[in-house]
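Here the structure comes first, spelled out in structure tokens, and everything after it is commentary.
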Amino acid sequence: MVTTNSADASGVRVHEICKSFPVPDAPGTSRVALGGISFSIAASELVSLVGPSGCGKSTLLRLIAGLDVSDSGELLVGNKEIVGPSAERGLVFQDPNLFPWLTVRRNIEAGLAARGVLREKPNEVDEFMRLVGLEAFANAYPHHLSGGMAQRVALARALINHPKVLLLDEPLGALDAFTRMRMQDEVLRLWENRRTTMLLVTHDIDEAIYMSDRILIMTQAPGRIDREIDIDLARPRDRTSDLFLRFRREILEHLHFAGKAADLSL
Ligand SMILES: Nc1ncnc2c1ncn2[C@@H]1O[C@H](COP(=O)(O)OP(=O)(O)O)[C@@H](O)[C@H]1O
Ligand SMILES: [Mg+2]
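Dropping the structure here:
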């Protein structure tokens, strides 16, 4: 049994997690997506996960979210084993997945309403709309929103549950480069404000360096941690500084050295 410090109640521990999936066109066979992956995230830490397409990043996030079960290994938040979905673990995807027939306010309220706690928290929705800068859009519908604004609604909807852990699966992947950089600052501001433990999957190495305390680089499938890099730069970070570019070079060289340059898909 793996334990984490119980004071570290929102830390995440991933211990030798394996996960296979049946191969659809070869009945009776399976493919290993995660091959015994292990790492920890401290409470309030912001960690990025980068790795080639298909190495199991989304699978891992789904397991931590409790949306799927592993074949073996242990997953803990604090010292509690993950046994299913919970409001204490929020998940945000590349697609904001908003309800198109609901206003911004109703979209943000939806999670609270589903859990039957909306009435206890009348001011929270306003607070979270302010937090993500959407108070003027409370009555707008999703089709009125830009991609960046829709993703802010998705973040507010996840954060309003006060998750201990926020799992972000390429949340800014569909945004144009300038909106994306602005949203990186938004997410950092939310993180600094709330100190939620965050695990961010990204294909963007600059984004990983700009945002993270630590970057975990995965191997090709079956996914495991190949390399761990502490980003010990003060925030706000300068994307053009020598130190920033040194991290960039280090990560790119690592990926090239691993012989993945031709099909990086990063
Ligand atoms: N539900 C599923 N059924 C079958 N195979 C799956 C399923 N989910 C993921 N996989 C396979 O697991 C591997 C890892 O997928 P995924 O976690 O989506 O990778 P990533 O997010 O790193 O691109 C891929 O080979 C993918 O086809
Ligand atoms: Mg994925």
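Per this note's numbering, the sequence shown starts with residue 335, numbered consecutively. Glycine included, C-beta positions come from ideal geometry on N, C-alpha and C.
For Asp560, the enclosing beta strand (DSSP E) stretches over residues 559-564. Boundaries of the alpha helix (DSSP H) harbouring Ser392: 391-399, taken from the DSSP string. Distance from the Cα of Val366 is smallest, within the candidate group Ser378, Cys389, Val381, for Cys389. Between Ala492 and Val411, the CB-CB gap reaches or exceeds 9 Å. Checking the DSSP bridge columns, you'll see Thr531 partnered with Val499.
Counted as a single uninterrupted DSSP element, the beta strand (DSSP E) harbouring Phe355 occupies residues 346-356. Gly407 carries a strand assignment under DSSP once its states are collapsed to helix, strand and coil.
Taken through DSSP and simplified to helix, strand or coil, Val366 comes out as strand. For the region 464-493, the continuous alpha helix (DSSP H) assignments of 4+ residues that do not extend past its boundaries occur at 481-493, in sequence order. Take the alpha-carbon of Thr393 and the one of Ser364: they are about 15 Å apart. Taking C-alpha positions only, Asn441 is separated from Asn457 by approximately 15 Å. Taking 3 residues as the shortest admissible run, the region 408-453 contains the following complete beta strand (DSSP E) segments, listed from N- to C-terminal end: 423-426. Distances taken from the Cβ of Leu524 to the heavy atoms of ligand 1 include none shorter than 8 Å. Per DSSP, Arg548 is one residue of the beta strand (DSSP E) stretching across 548-552. Annotated three-state conformation of Leu509 is coil, per DSSP.
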